[in-house]
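Trainee:
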């Protein structure tokens, strides 16, 4: 058993890169007496400190839990390899930042699941903490829970996790820790505590379900084995964001984070219905925060953090009803303090020129646009709902408003894609260049246009959840084709590594058997798989082979309508019949109107009261 030692930790910190990742003591961190709390929660982010400290979800739940006088939440991040190796060498257990308490001493250890490529880091963190990685081997110690977007297909991690939280966490987390508190007070066993938690809406306890398989490897059945386990677990939804908890202060790190700024979540959800987009399905219906609420939150966060940038966060910020008013108000409010407002990736048909001009007043930045596909035919297939004219108008407004840097995001390998669609990407990029030439009187400082392509990854709970991903060879062939047709020196082309996308597809649509692959890969050195310097596809291919499975079975195979899908126990409120209908509509090349214009009958409309898309 590893024992914590402050002296050994201090010696270790002198030897590692960026010791500030582990020292704590940051401004606005919450430090409570550990022994005074009825429930203690270790919030674990399975990636580096810099990445985790940029995540809004950890800020919200950290604040919610610590607001309870009887509860305590402390942060834990995946140690960088030099620190992890040193902790093993010094026999130090993984500990929280605030009080340096070993993880195994907490009541609950919770992981946020933002990206499949972090799965091995979860096992690494448990092992560093002296906590058995498989839930069946844990008879005492903390409950291991998980939530976040990847929890909508919990099966690849099911053998490692005691309970999953599905959906918005603001209300569910409070109910969850209250339940654990009551179970502790009653002296209930681990099993009985899980049985009580399974009764909460939005909680999935994988130990209470059993799966069987057909000879071809597909699922034959997936059924509850305990009366408390529902046939389907419904996600939790917070309808009124103005009433939802939001921090008045953020913990400000000593070392630079990926996104070192104030984040204002202006809305949640999206009405557009892009068929590849998992978030657009998972977070229905759209819910907006009022202008008054956002300005109040901005004031609190600016005073408490000293940040010089405010980022407006949502899936489709250009659709926020009061975007222009918000950007103008924020820019005017903080002009004397030189606090800028940044706009995220924007839809081409929702950009408002006054917002662009206001955002440029304090600090110049780049503009990111996401056409997604190179031709109108393919944009209709994916239901993007934007045209080439929208792109021309958007970049015209941007160049006229002072922008000289534009990033264009596309996906390759989308269903029905042809080489003509790939060449359409080059055509669009060249048209953007010519818009700049024709709309910029002073071209002395030039223009920078960056084209980025990623490999389409089919995701659960989307109309394309049944689709096959392009093979790595096919994707790279398309990359070569596009690269050969982007010759303009003002245009830079970047493409995403298809190897990580291949593994992401295999993990994102995996079943419970994939857990053995994850464990095998981790035991053979896989960790920090989202970082190119540590990722090894061969390690994963060997792990799949050792477990008698094929990653292509999960990534490159089309499913039929009747196949049981591993994630069907989890309900996000959108009907599967709607998803299949959208798939058929995609192959017909037809678009589905924005939910704000016409209800498409997805099933989430029962949640829309209090949201934007009233039905």
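Numbering (this note's numbering), first residue to last: 140 to 754.
Think of the CB as a built atom: it goes at the ideal place given N, C-alpha and C, for glycine as much as any other residue.
Treat the numbers as computed from the prediction; the structure is a model and nothing was measured.
1) I'd like to confirm the pairing. Which residues does DSSP put opposite residue 155 in its beta bridges?
2) Measure the CB-CB distance between residue 478 and residue 441 and report whether it falls below 8 Å.
3) The beta strand (DSSP E) that contains residue 349, what's its start and end?
4) For residue 686, which of helix, strand or coil comes out of DSSP?
5) Please report the distance separating the alpha-carbon of residue 628 from that of residue 566.
6) Can you grab the Cα-Cα spacing for the pair residue 149 / residue 243, in whole Å?
7) Specify the secondary structure class of residue 256 as computed by DSSP and reduced to three states.
8) Label residue 601 either buried or exposed according to how many other C-beta atoms from any shown protein chain fall within 10 Å of its C-beta, with 16 as the threshold for buried.
9) Does the beta-carbon of residue 254 have 16 or more other beta-carbons within 10 angstroms, so that it is buried, or is it exposed?
10) Please state whether DSSP places residue 327 in a helix, a strand or coil.
11) Roughly how many angstroms lie between the CA atoms of residue 576 and residue 569, to the nearest whole one?
12) Flag this pair as touching only if the region 191-209 and the region 389-400 have three or more C-beta atom pairs under 8 Å; answer yes or no.
13) Using the three-state DSSP reduction, which class does residue 239 fall into: helix, strand or coil?
14) Can you tell me which of 703, 463, 708, 727 puts its alpha carbon nearest to the alpha carbon of residue 355?
15) Quick check on the burial criterion: 16 or more other C-beta atoms within 10 angstroms. Buried or exposed for residue 382?
16) Quick one: what's residue 211 bridged to in DSSP?
17) What is the rounded straight-line gap between the Cα of residue 292 and the Cα of residue 471?
18) Kindly identify the DSSP beta-bridge partner or partners of residue 302.
19) Once you ignore the five residues that flank residue 236 on each side, which residues in its own chain have a CB closer than 6 Å to its CB?
20) With residue 359 as the anchor, note down where its beta strand (DSSP E) starts and where it stops.
21) Nearest CA to the CA of residue 591: which residue from 609, 554, 549?
22) Please name the residue, chosen from 552, 346, 196, that lies closest to residue 275 on a Cα-to-Cα basis.
23) Could you give the distance in angstroms between the alpha-carbon of residue 156 and the alpha-carbon of residue 687?
24) Provide the residue span of the beta strand (DSSP E) that contains residue 594, from first to last.
25) Starting from residue 574 and walking both ways along the alpha helix (DSSP H), at which residues does that stretch end?
26) Put residue 147 into one of helix, strand or coil per three-state DSSP.
27) If you check the beta carbons only, do residue 574 and residue 534 fall under 8 Å apart?
28) Can you tell me which of the three DSSP states residue 752 falls into?
29) State buried or exposed for residue 415, treating a residue as buried only when at least 16 other CB atoms are found within 10 Å of its CB.
30) Closer than 8 Å by C-beta to residue 316: which residues in its own chain qualify, once you throw out the five before and the five after it? Chain order, please.
31) From residue 241 to residue 217, what does the alpha carbon distance come to, in whole angstroms?
32) Closest to residue 658 by CA distance: which of 271, 222, 160, 231 is it?
33) Taking a contact to mean a Cβ-Cβ separation below 8 Å, would you say residue 733 touches residue 410 in this structure?
34) Would DSSP call residue 763 helix, strand or coil?
35) Can you name, in chain order, every residue of its own chain whose Cβ lies under 8 Å from the Cβ of residue 725, other than the five neighbours on each side?
36) With distances taken Cα to Cα, identify the nearest neighbour of residue 154 among 228, 143, 170.
Mentor: Well, looking at it:
1) Here the question's residue 155 lines up with position 16 in the chain shown. BP columns for residue 155 are empty, so no partner.
2) In the chain shown, counting from the first residue as 1, residue 478 sits at position 339. In the chain shown, counting from the first residue as 1, residue 441 sits at position 302. Contact: yes.
3) Residue 349 sits at position 210 when you count from the first residue of the chain shown. Looking at the DSSP string, the run of the beta strand (DSSP E) that includes residue 349 is 348-352.
4) Locating residue 686 in the chain shown gives position 547, where the first residue counts as 1. Coil, per DSSP.
5) Locating residue 628 in the chain shown gives position 489, counting from the first residue. Locating residue 566 in the chain shown gives position 427, counting from the first residue. The straight-line gap from Cα to Cα measures roughly 15 Å.
6) Here residue 149 refers to the residue found at position 10 of the chain shown. Here residue 243 refers to the residue found at position 104 of the chain shown. The alpha-carbon atoms of residue 149 and residue 243 are separated by roughly 21 Å.
7) Along the chain shown, read from residue 1 onward, the residue named residue 256 stands at position 117. In this structure, residue 256 counts as helix in the three-state DSSP scheme.
8) Position 462 of the chain shown, counted from the start, is the residue given in the question as residue 601. Buried is the call here.
9) What you label residue 254 is simply residue 115 of the chain shown in a count that begins at 1. Looking at its Cβ environment, which holds 16 or more other Cβ atoms inside 10 Å, residue 254 is buried.
10) As a working note, residue 327 is residue 188 in the chain shown. Residue state, collapsed to three classes: coil.
11) Start at 1 with the first residue of the chain shown, and residue 576 comes out as number 437. Start at 1 with the first residue of the chain shown, and residue 569 comes out as number 430. Near 11 Å, if we compare the C-alpha coordinates of residue 569 and residue 576.
12) yes
13) Residue numbering aside, residue 239 sits at position 100 when the chain shown is read from its first letter. Residue 239 falls in the coil class under three-state DSSP.
14) Start at 1 with the first residue of the chain shown, and residue 355 comes out as number 216. Nearest option by C-alpha distance: 703.
15) If you number the chain shown from 1, residue 382 lands on position 243. Result: exposed.
16) Translated into the one-based positions of the chain shown, residue 211 becomes position 72. Partner(s): 179.
17) Residue 292 sits at position 153 when you count from the first residue of the chain shown. Residue 471 sits at position 332 when you count from the first residue of the chain shown. C-alpha separation (whole angstroms): 44 Å.
18) Taking the chain shown and counting its residues from 1, one reaches residue 302 at position 163. Answer is 284, bridged to residue 302.
19) Working through the chain shown from its first residue, we reach residue 236 at position 97. Hits under 6 Å: 163, 214.
20) Residue mapping note: residue 359 aligns to position 220 of the chain shown, counting from 1. First-last of the beta strand (DSSP E) with residue 359: 358-363.
21) In the chain shown, counting from the first residue as 1, residue 591 sits at position 452. The residue with the shortest Cα to Cα distance from residue 591 is 549.
22) Start at 1 with the first residue of the chain shown, and residue 275 comes out as number 136. Checked all of 552, 346, 196; the closest Cα to residue 275 is 346.
23) Numbered from 1 along the chain shown, position 17 holds the residue referred to as residue 156. Numbered from 1 along the chain shown, position 548 holds the residue referred to as residue 687. Taking the straight line joining both Cα atoms gives about 39 Å.
24) Looking up residue 594 in the chain shown gives position 455. Unbroken beta strand (DSSP E) run through residue 594: 587-594.
25) Within the chain shown, the letter at position 435 stands for residue 574. Here the alpha helix (DSSP H) through residue 574 covers 558-578.
26) As a working note, residue 147 is residue 8 in the chain shown. Of the three classes helix, strand and coil, the one that applies to residue 147 here is helix, per DSSP.
27) One-based indexing of the chain shown puts residue 574 at position 435. One-based indexing of the chain shown puts residue 534 at position 395. Their beta carbons are under 8 Å apart, which means residue 574 touches residue 534 by this criterion.
28) On the chain shown, residue 752 is found 613 positions in, with the first residue counted as 1. Caution is warranted here: a pLDDT of 46 is assigned to residue 752, below 50, making its placement in the model unreliable, and the coordinate value is therefore given only provisionally. It is coil, neither helix nor strand.
29) Against the chain shown, residue 415 aligns to sequence position 276. Buried: at least 16 other Cβ atoms inside 10 Å.
30) Stepping through the chain shown from its first residue, residue 316 is reached at position 177. Cβ within range, chain order: 178, 180, 204, 207, 210, 247.
31) Taking the first residue of the chain shown as position 1, residue 241 is located at position 102. Taking the first residue of the chain shown as position 1, residue 217 is located at position 78. Whole-angstrom Cα-Cα distance: 14 Å.
32) Within the chain shown, residue 658 is the residue found at index 519, counting from 1. Among 271, 222, 160, 231, the Cα nearest to that of residue 658 is on 271.
33) Residue 733 sits at position 594 when you count from the first residue of the chain shown. Residue 410 sits at position 271 when you count from the first residue of the chain shown. In this structure, residue 410 lies closer than 8 Å to residue 733 by Cβ.
34) The structure shown does not extend to residue 763, since the chain is modelled only from 140 through 754, so no value can be given for it.
35) In the chain shown, the residue the question calls residue 725 occupies position 586. Answer for residue 725: 414, 520, 521, 522, 554, 555, 602, 603, listed in chain order.
36) Position 15 of the chain shown, counted from the first residue, corresponds to residue 154. Ranking 228, 143, 170 by Cα distance to residue 154 puts 228 first.
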